[in-house]
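Report on the structure given below.
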Amino acid sequence: MRASNFTVSSMHGEMAQKERDAIMAEFRGGTSRVLITTDVWARGIDVQQVSLVINYDLPANRENYIHRIGRSGRFGRKGVAINFVTVDDVRILRDIGNYSLLKFDEMPVNAAELI
1 MRASNFTVSS MHGEMAQKER DAIMAEFRGG TSRVLITTDV WARGIDVQQV
51 SLVINYDLPA NRENYIHRIG RSGRFGRKGV AINFVTVDDV RILRDIGNYS
101 LLKFDEMPVN AAELI
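In full-length UniProt numbering, the protein residues as written are 1 to 115.
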């Protein structure tokens with residue numbers, strides 16, 4: 001992504017708190033437009049303007065999923081969550097849908113229509 005001139009930051013739970021705070025300040029301030037993080041941060045990020053959440057892996061805990069995707073589209077803004085799902089994930093996705101009453105659709109050919 002950086003090679004394509006996206007401003008990207010990443011963080012994980014083993015980083016020093018000072019480093020994580022600096023990365024979050026960049027992301028909140030818009031200096032970094034993409035944040036890649038591990039599930040360790042499922043409940044530790046509070047950012048108001050997130051238009052897209054991509055789940056490379058579904059969390060095993062359905063409450064963590066709701067918390068993750070709840071960052072997109074807050075305060076009346078449009079938001080999208082994209083999930084990469086394998087055959088093994090279908091049961092987890094169904095459980096999340098039953099728990100949350102969310103409806104999951106397959107990705108349209110023109111993903112720009114979502115945003």
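All C-beta atoms, glycine included, are put in the ideal place defined by N, C-alpha and C.
Residues bridged to Met-11 [DSSP beta-bridge criterion]: Thr-37
Cβ-Cβ distance between Asn-64 and Phe-84 below 8 Å: no
Reduced DSSP secondary structure (H/G/I, E/B, other) of Ala-25: helix
Straight-line gap, Asn-110 to Ile-69 (C-alpha atoms, nearest Å): 21 Å
Contact check, Ser-32 vs Val-50, beta carbons under 8 Å: no
Cβ-Cβ separation, Ser-10 to Thr-37 (assumed contact under 8 Å), whole Å: 7 Å
Coil, strand or helix - Leu-102 by DSSP: coil
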